[in-house]
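Student: A single structure is presented below for examination.
Numbering (the numbering used here), first residue to last: 965 to 1002.
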């Protein structure tokens, strides 16, 4: 988390229990939460 904060890299939180969830995120869709340091 510190590395992401220091380098302004957002953290994407998603469910690993949803089938195809990671692929959906990579394609720009799916259900997720993006954590940024605004």
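Glycine is no exception: its CB is placed at the ideal position from the N, C-alpha and C atoms.
Looking at the strands, I want to know which residues DSSP matches up with residue 1000.
Tutor: Paired residue(s): none; residue 1000 is not in a bridge.
Student: Taking 7 Å as the limit between beta carbons, can you name the residues of its chain near residue 994, skipping five residues before and five after?
Tutor: 978, 985, 988, listed in sequence order.
Student: Among all the DSSP beta bridges, which residues are the ones paired with residue 976?
Tutor: Looking at the DSSP assignment, residue 976 forms a beta bridge with 998.
Student: Measuring only the C-alpha atoms, how far is residue 970 from residue 998?
Tutor: When rounded, the distance between both Cα atoms is 16 Å.
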